[in-house]
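Heads up: the sequence shown begins at 29 in our numbering, then just goes up one per residue.
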Amino acid sequence: MNKKISSLWISFLMSLIFLSGDIHVGAYLGINWGRTATQTFVPSMVVDLLLQNGIPELRLFQPSLNVLDAFADTNIGLAITLQENFLRNVVEQKQMDDYIHERVKVYSDKGVKFRQVMVIWRLLSDKIGWPTDGYVSASEANAERFHRSLLQYISRKDGTPLRPNRDIDMYLLGLTDENKVATDYGPYQRHWGIYKHDGLPKYKIDFTMQDRDVKPTIAKGTVRMPNRWCVFDGKTDHNETQVLQDYDYACGESDCTAFGAGATCDHLSFHRRRSLNGYNMFIPNE
Numbered sequence: 029m030n031k032k033i034s035s036l037w038i039s040f041l042m043s044l045i046f047l048s049g050d051i052h053v054g055a056y057l058g059i060n061w062g063r064t065a066t067q068t069f070v071p072s073m074v075v076d077l078l079l080q081n082g083i084p085e086l087r088l089f090q091p092s093l094n095v096l097d098a099f100a101d102t103n104i105g106l107a108i109t110l111q112e113n114f115l116r117n118v119v120e121q122k123q124m125d126d127y128i129h130e131r132v133k134v135y136s137d138k139g140v141k142f143r144q145v146m147v148i149w150r151l152l153s154d155k156i157g158w159p160t161d162g163y164v165s166a167s168e169a170n171a172e173r174f175h176r177s178l179l180q181y182i183s184r185k186d187g188t189p190l191r192p193n194r195d196i197d198m199y200l201l202g203l204t205d206e207n208k209v210a211t212d213y214g215p216y217q218r219h220w221g222i223y224k225h226d227g228l229p230k231y232k233i234d235f236t237m238q239d240r241d242v243k244p245t246i247a248k249g250t251v252r253m254p255n256r257w258c259v260f261d262g263k264t265d266h267n268e269t270q271v272l273q274d275y276d277y278a279c280g281e282s283d284c285t286a287f288g289a290g291a292t293c294d295h296l297s298f299h300r301r302r303s304l305n306g307y308n309m310f311i312p313n314e
């Protein structure tokens, strides 16, 4: 990355652009919404979820015009970030200016107020959470316990060792699982979601930071298909080479991270894991 691109990137990191009219006095809790998945919530559903759960801020990994449209008439803060592949192609300031004008500034014509919050003025964690699958300690119970302790800490306003007694703004990771995210660092990377793809919350969490023993509201508008699955025929004389090839193909087109070491389906036998469950993950994506 050359100096010009670096300066543009640093300039953007130093400020977060929000589609909102509110300025938070105390600490605020937001949430990340990644959409690298075969099944995603529609933007209007996310708006409804955030309003019902009292979540004032949303951070997008991938800017999208239909998402901005959905949030333009709400009082929810929307943090817009840029994708790495876009930044790699930025060689001059005009490209950045055009991007902001076409994808962000246009909403000022609709009466949306913009504000900039300098990151260095506040303590901000842009991604923090606990996965629910894909690793030995990744579970819904551990995620619930982690978030409860985290939100208790934020509400006490302890700050950090270098900046004590200060509010900490945080974006939780994340709203839903992403079954198409790369797993370079481990299968757990696909399981950060607080919500399942069907709109049901996985565990209890109080987004208002009042330490209530409650589950988030259920997403409205999802269409649940009938439960269908493959059934293992019990035969063990199949060609194992062919079974492995079929399993690799099925998992290459779907998400089999639940079968990894320490994951929820790690206890299954060879045939049940490969000839049965690989296709149960694959078929719904077809």
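Ideal Cβ positions, reconstructed from N, Cα and C, are used throughout, including at glycine.
- In the pairwise beta carbon analysis, the stretch 106-125 is classified as touching the stretch 85-92: at least three pairs are separated by under 8 Å.
- Taking THR66 as reference, the option from ASP265, GLN217 and VAL209 with the minimal CA-CA separation is VAL209.
- Comparing alpha-carbon positions, the option among LEU115, PHE99, PHE174 and VAL132 lying closest to TYR231 turns out to be PHE174.
- The beta-bridge partner set that DSSP reports for GLU130 is empty.
- Here the alpha carbons of ASP126 and GLU168 stand approximately 43 Å from one another.
- Boundaries cannot be given for ASN255, as no alpha helix (DSSP H) includes it and DSSP labels it neither H nor E.
- Comparing alpha carbon positions, the residue from SER297, CYS279 and ASP276 closest to LYS263 is SER297.
- For the pair of segments examined, the stretch 182-202 was found not to touch the stretch 245-259: the number of CB pairs separated by less than 8 Å stays below three.
- Counting other Cβ atoms within 10 Å of its Cβ, GLY62 reaches 16 or more and is therefore classed as buried.
- Distances from the alpha-carbon of PRO215 to those of ASN81, PHE287, GLU281 and ASP101 put PHE287 closest.
- DSSP, read as helix, strand or coil, puts GLU120 in coil.
- Under DSSP, MET198 takes part in a beta bridge, and its partners are LEU57 and SER153.
- When VAL95, ASP97, ASN103 and ASN60 are compared, the shortest CA-CA separation from LEU79 is found for ASN103.
- Looking at the backbone, the Cα of LEU201 and that of TRP158 are separated by about 8 Å.
- In the three-state scheme derived from DSSP, where H, G and I count as helix and E and B as strand, ILE233 is classed as coil.
- In the DSSP annotation of this structure, the continuous segment of the alpha helix (DSSP H) that includes GLU168 starts and ends at 168-184.
- Within its own chain, the residues whose Cβ lies closer than 7 Å to the Cβ of ASP154, once the five positions on either side in sequence are excluded, are ARG87 and TYR199, listed in chain order.
- As the crow flies, the alpha-carbon of ASP294 is around 34 Å from that of ASN81.
- In the DSSP assignment, GLY162 falls outside any beta strand (DSSP E) and carries neither an H nor an E.
- Here DSSP, grouped into helix, strand and coil, assigns ARG87 to strand.
- Assigned with DSSP and collapsed to three states, PRO192 falls in strand.
- For the pair ALA171 and GLY290, the CB atoms are not nearer than the 9 Å cut-off.
- CA-CA distance, GLN217 to TYR223, rounds to 15 Å.
- Between the alpha carbons of ILE83 and LEU57 lies a gap of roughly 7 Å.
- When DSSP states are grouped into helix, strand and coil, LEU106 belongs to the strand group.
- Annotation for LEU93: ARG131 place their beta carbon closer than 8 Å to its own, counting only its chain and skipping 5 residues before and after.
- Secondary structure note for TYR277: its alpha helix (DSSP H) is the uninterrupted segment 268-280.
- It is roughly 15 Å from the alpha-carbon of ARG194 to the alpha-carbon of LEU178.
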